[in-house]
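All remarks here apply to the structure that follows.
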Amino acid sequence: MDGRVHDLSMIALRQQRLVIIFLMILAGGLLCSELTADAKSDYDIINTGVNGGGCWYDESHFIVVKGQQPAPGQEFEVEGLYYLDPNYPKDLKRIDLSPLEPSLQRHIRDVTCQGQTVLFHILTADKKRNTVYFINIGQSPRVVVAKQEGFILPQSVNVRERYVLGVTNGISEPHSPNAEQAVKDCNFSNLMDGYRVFCLRHDRGTKRTWPVNNGFVAQYIWEETIRMNKNGQYQWVPNQEPPLKLPDGTALKQGYLLRNLENQVLAKVKMEQPPYAIYRNTFIVNPQGNALYAACSKVGDHGTRRLTVGGRVCRFPMDGVNYQWTEAAAMQQSPQDPISLQQLNTNERGDIVATELAHRGVTSIWKYTAATRQVGKVYQASSLTDLGGPQLSPTGQWISFSERQILYLARAKGVQP
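Our numbering puts the first residue of the sequence shown at 107, with every later residue one more than the last.
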């Protein structure tokens with residue numbers, strides 16, 4: 107004995123605390139076990155070894171853009187376009203791009219797929235003009251349209267409806283009066299047979315556009331001061347133009363608008379539509395071109411956390427009269443789940459894939475399957491690395507993505523070729 111008087115109640119209290127700590131450690135261990143189990147994926151992951159990205163041509167052809175950046179800060183140089191069958195991912199087949207010279211092929215940019223059509227553009231040597239090309243596997247590339255002044259991206263070509271959407275500062279009316287004048291007004295040439303041009307006036311304040319079927323979504327911001335060229339020098343001057351007036355007579359200073367091919371405003375695309383908040387930085391258009399998708403959150407989501415993006419996905423229809431956001435999918439496991447979705451992609455079946463950027467402590471890819479309304483984890487990165495651009499194949503059987511610029515493919519376990 108040490109001669110001190112011990113308080114038996116304090117000894118009992120310390121023992122109770124030890125028991126509580128032990129139970130907390132045990133519970134933590136069980137929780138970690140559950141998290142580990144939850145981290146497992148029901149998908150087979152295939153490392154193709156290919157340094158590059160691409161797009162889905164159809165269920166058995168993924169278009170691969172191979173190339174390299176000679177040195178940091180230098181322009182990416184394309185080695186060529188290839189395709190692979192996801193069932194045989196190591197067997198790359200080169201796409202014959204002749205008669206395009208190799209010197210031109212190195213400058214291929216913005217490769218996209220619209221159905222079984224590949225689109226890309228090439229800048230001229232002076233980088234002041236460009237040409238958009240169209241190619242099907244097994245055929246030679248063809249010019250869709252050339253821009254004689256400025257640039258046009260492949261996304262402005264609608265293969266299904268066979269038209270090209272252009273904008274210009276050179277007209278005063280909302281749109282060119284006829285197809286022939288539209289080609290001139292938008293400085294186009296070499297238009298592919300069977301294609302039309304819609305040339306629309308670029309309203310000052312239009313910052314960004316998303317082409318959709320028979321129209322486009324535009325971001326509009328009215329500014330109190332604008333930059334003008336006066337005597338060869340740019341100056342900031344008061345904006346003499348009033349804010350855009352909507353069909354109901356209200357003035358718009360900032361927002362998103364759905365317009366048709368005559369440049370008429372059909373609807374305002376709201377970023378706040380109770381009970382939903384929409385996150386504009388995640389906008390994508392579905393392959394059919396008839397709906398806009400975005401990450402969203404619902405009142406009560408995330409509890410007290412303040413996240414920049416939501417764990418749900420909302421859909422805005424473009425081809426109806428009810429222009430309202432509706433919830434398409436919920437990737438989050440509960441309203442308190444701190445998931446934050448980025449890099450959305452969808453297919454014609456309504457499947458959705460997205461990247462969760464580490465708000466749960468990990469970087470991962472998740473998929474919503476429309477037919478079953480099931481949500482599942484596709485892939486979890488081993489560290490907080492850069493997961494890029496998940497894309498769904500047309501039927502949703504395959505998912506492509508990149509990690510550290512290497513192309514990966516994912517497919518649900520147990521699915522046979």
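For each residue, glycine too, the CB sits at the ideal point set by N, CA and C.
Discussion item. Applying the 10 Å Cβ sphere with the 16-neighbour rule, what's the burial state of Pro208?
Written reply: Within the sequence shown, the letter at position 102 stands for residue 208. By the neighbour-count rule (16 or more Cβ atoms within 10 Å), Pro208 is not buried but exposed.
Spatial distance of Leu372 from Thr388 (CA atoms)
Locating residue 372 in the sequence shown gives position 266, counting from the first residue. Locating residue 388 in the sequence shown gives position 282, counting from the first residue. Computed Cα separation, rounded: 22 Å.
> Of the choices Ala477, Thr469, Cys420 and Glu347, whose alpha-carbon is the least far from that of Ser508?
Replying inline: The residue you call residue 508 lines up with position 402 of the sequence shown. Residue Thr469 is the option with its Cα nearest to Ser508.
Under the three-state DSSP convention, the category Ala231 falls into: The count along the sequence shown starts at 1 and reaches residue 231 at position 125. Of the three classes helix, strand and coil, the one that applies to Ala231 here is coil, per DSSP.
Checklist entry - Which residues bound the beta strand (DSSP E) around Ala373? => result In the sequence shown, counting from the first residue as 1, residue 373 sits at position 267. Residues Val371 to Val375.
How many whole angstroms separate the CB atoms of Leu187 and Ile169, which I take to be in contact at a CB cut-off of 8 Å?
Counting from one through the sequence shown, the residue named residue 187 turns up at place 81. Counting from one through the sequence shown, the residue named residue 169 turns up at place 63. Between Ile169 and Leu187 the Cβ distance is about 6 Å, and since that is below 8 Å, they are a contact.
- Task: Report the three-state DSSP secondary structure of Val249 (helix, strand or coil).
- Result: Start at 1 with the first residue of the sequence shown, and residue 249 comes out as number 143. Strand.
With a cut-off of 8 Å on the beta carbons, I'd call Val263 and Leu225 a contact; round off their distance for me.
Counting from one through the sequence shown, the residue named residue 263 turns up at place 157. Counting from one through the sequence shown, the residue named residue 225 turns up at place 119. Going by Cβ atoms, the distance from Val263 to Leu225 rounds to 6 Å, so yes, they are a contact pair.
As assigned by DSSP and simplified to three states, the class of Ala285
The sequence position of residue 285 within the sequence shown is 179, counting from 1. The answer is helix: DSSP assigns Ala285 an H, G or I state.
| query | Got a sec, what are the start and stop residues for the beta strand (DSSP E) Leu450 sits in? | reply | Taking the first residue of the sequence shown as 1, we reach residue 450 at position 344. Taken as a continuous stretch (DSSP letters only), the beta strand (DSSP E) holding Leu450 covers Leu447 to Thr452.
Report, in whole angstroms, the separation of the C-beta atoms of Asp425 and Gly417, which I expect to be a contact under 8 Å. Taking the sequence shown and counting its residues from 1, the one referred to as residue 425 is at position 319. Taking the sequence shown and counting its residues from 1, the one referred to as residue 417 is at position 311. At roughly 27 Å, the Cβ-Cβ gap does not stay under 8 Å, so Asp425 and Gly417 are not in contact.
Provide the residue(s) that pair with Asn153 in DSSP beta bridges, ordered along the chain. Position 47 of the sequence shown, counted from the start, is the residue given in the question as residue 153. Asn153 is bridged to Tyr514.
Evaluate contact between the region 282-299 and the region 317-333, counting only Cβ atoms and requiring at least three cross-stretch pairs below 8 Å.
No: fewer than three Cβ pairs fall under 8 Å.
### Query
Which residues in the same chain as Arg200 place their Cβ atom closer than 8 Å to its Cβ, once the five residues preceding and following it in sequence are excluded?
What you label residue 200 is simply residue 94 of the sequence shown in a count that begins at 1. Taken in chain order, the residues that qualify are Gly186, Leu187 and Tyr188.
Check: If you run the structure through DSSP and keep just helix, strand and coil, what is Pro192?
Finding: Start at 1 with the first residue of the sequence shown, and residue 192 comes out as number 86. Coil at Pro192, not helix or strand.
- Task: Would you list the residues sitting across from Ala383 in a DSSP beta bridge?
- Result: For the purposes of this step, residue 383 is taken as residue 277 along the sequence shown, with counting starting at 1. Its beta-bridge partners are Glu378 and Ser403.
(request) Report the partner residues of Lys336 according to the DSSP bridge assignment. (result) For the purposes of this step, residue 336 is taken as the residue at position 230 of the sequence shown. The bridge partners DSSP lists for Lys336 are Gln339.
Contacting residues, own chain, Cβ-Cβ under 7 Å from Tyr165 (five flanking each side not counted)
In the sequence shown, counting from the first residue as 1, residue 165 sits at position 59. Note on residue identity: the sequence assigns Glu, not Tyr, to residue 165. Contacts found: Ser499, Pro500, Thr501 and Gln503.
- [ ] Enumerate in chain order the residues of its own chain whose CB-to-CB distance from Ala487 is below 8 Å, with the five nearest sequence positions on each side excluded.
- [x] Here residue 487 corresponds to residue number 381 of the sequence shown, with the count starting at 1. Same-chain partners within the cutoff: Val468, Thr469, Ser470, Leu493 and Glu509.
Check your understanding: What is the rounded straight-line gap between the Cα of Ala401 and the Cα of Gln448?
Key -> As a working mapping, residue 401 is identified with position 295 in the sequence shown. As a working mapping, residue 448 is identified with position 342 in the sequence shown. Looking at the two C-alpha atoms, the distance is approximately 7 Å.
### Message
Taking the straight line between their C-alpha atoms, what separation do you get for Thr331 and Lys359?
### Response
Mapped onto the sequence shown, residue 331 falls at position 225. Mapped onto the sequence shown, residue 359 falls at position 253. For Thr331 and Lys359, the distance between alpha carbons rounds to 13 Å.
**Request:** Out of Arg248, Thr237 and Ile243, point me to the one whose CA is closest to Glu255's CA.
**Result:** For the purposes of this step, residue 255 is identified with residue 149 of the sequence shown, where counting begins at 1. Closest by alpha carbon: Thr237.
Check your understanding: Cβ-heavy atom distance between Gly361 and the ligand ZN below 8 Å?
Key -> The ligand content of the structure shown is nil, which means the ligand ZN is not present either.
Query raised in the report: In three-state terms, what does DSSP make of Ser506?
Result: Looking up residue 506 in the sequence shown gives position 400. In this structure, Ser506 counts as strand in the three-state DSSP scheme.
Q.
If you reduce the DSSP assignment to three classes, tell me which class Thr356 lands in.
A. As a first step, residue 356 must be located in the sequence shown, where it is residue number 250. Thr356: coil per DSSP, three-state reduction.
Fill in: Sequence-distant residues of the same chain with beta carbon closer than 6 Å to Val78, five excluded per side
The question about residue 78 has no answer, for the chain in this structure spans 107 to 523.
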